[in-house]
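First the structure, in the form of structure tokens, and then the observations on it.
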Amino acid sequence: MLKIDKLTKRFGDKTAVDSASFDVDKPAMIGIIGRSGAGKSTLLRMMNRLSDASEGSITFNGQEVTTLSGSAKRAWQARCAMIFQQFNLVPRMDVVSNVLHGTLNRRSTVATMFNLYPTGDIHKAIEILDRLGIAEHAAKRAEALSGGQQQRVAIARGLMQDPEIILADEPIASLDPMNAQTVMEALRRIHEEDGRMVIANLHTLDTARRYCDRVIGMRDGRIVFDGTPAQLTTGVARDIYGAGADFSEAATSTEIETLDRSEPVPA
Ligand SMILES: Nc1ncnc2c1ncn2[C@@H]1O[C@H](COP(=O)(O)OP(=O)(O)O)[C@@H](O)[C@H]1O
Ligand SMILES: [Mg+2]
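Take 1 as the starting number for the sequence shown in UniProt numbering and just add one per residue.
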């Protein structure tokens, strides 16, 4: 259903993503791992068309995505919701309005200006919040919530579009372990119960192993591993991260980068 073929992105003479190819034949939950700078975010941004590919193609159910423009491009962006590390909510706005922002691209400018939302959409927003266990916070300002709750608001906003694909760029990198777990469990449930494809860039190996059916490893812009968590042995992981014998399974991509620059490892 999704086919990424020799997808490449260059910034000047830097190749951020280098001829990346992979196929997804059914809605899966896929984790993308690799050290900081490996090209994970650039890959996701091209898929969502936030960034234009330099070369290669993305096809979804036979439709070429890289060449879409105007309203067709916006329609594609609605079909693949993007979740970011920093949530990208409007902090001072209430939770339910943040979620309703997920319907923005199908509302008129006038309705948007006056914050007019159809009652059906408001009910749908509350239902989604309830499903994610945060309906009781619907009337609070987004900034009053914990990080894990805010990320679930961002997921709820994405779900308002009924996306077929959820692209998450390090969704738990700013969260403590408890909040990280609730967010990953929410993504996993959305994948299992709704049959949506989830592709998440993850900064720890542990998380990819625990929640994903398939793991893609990137190094220097290239896909160097594509397999199941069971196939992702410590040796393979060490190769993906380009780390030495001091490689730790629990290390994050940021820590590995630090290791490599031979700076002190943060405690
Ligand atoms: N807008 C940009 N302009 C120039 N270089 C960029 C830009 N975005 C990313 N890069 C470079 O592309 C490479 C991959 O970056 P990125 O996709 O952010 O990696 P990751 O998400 O794996 O940390 C890095 O070397 C980064 O510096
Ligand atoms: Mg990134």
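Glycine is no exception: its CB is placed at the ideal position from the N, C-alpha and C atoms. Computed from a prediction, not measured in an experiment: that's the story for all the values here.
The alpha-carbon separation between I199 and E55 amounts to approximately 21 Å. The Cβ atoms of A186 and R152 lie closer than 8 Å to each other. If you draw a straight line from the Cα of H101 to the Cα of R157, it comes to about 7 Å. The DSSP assignment places 177 to 194 and 205 to 211 as complete runs of the alpha helix (DSSP H) inside the segment 153 to 231, in order along the chain (cut-off: 4 residues).
In this structure, ligand 1 has a non-hydrogen atom nearer than 7 Å to the beta-carbon of S41. Approximately 7 Å separates the beta-carbon atoms of D169 and I83; this is inside 8 Å, confirming the contact. Secondary structure at L89: coil, using DSSP grouped into helix, strand and coil. In the structure shown, D18 adopts extended strand secondary structure according to DSSP, grouped into three states. Ligand 1 has a heavy atom closer than 7 Å to the beta-carbon of G37.
Per DSSP, M1 lies in no alpha helix (DSSP H) segment and is marked neither H nor E. Taking C-alpha positions only, D194 is separated from A28 by approximately 11 Å. Straight-line measurement puts the Cα of T119 at about 47 Å from the Cα of L232.
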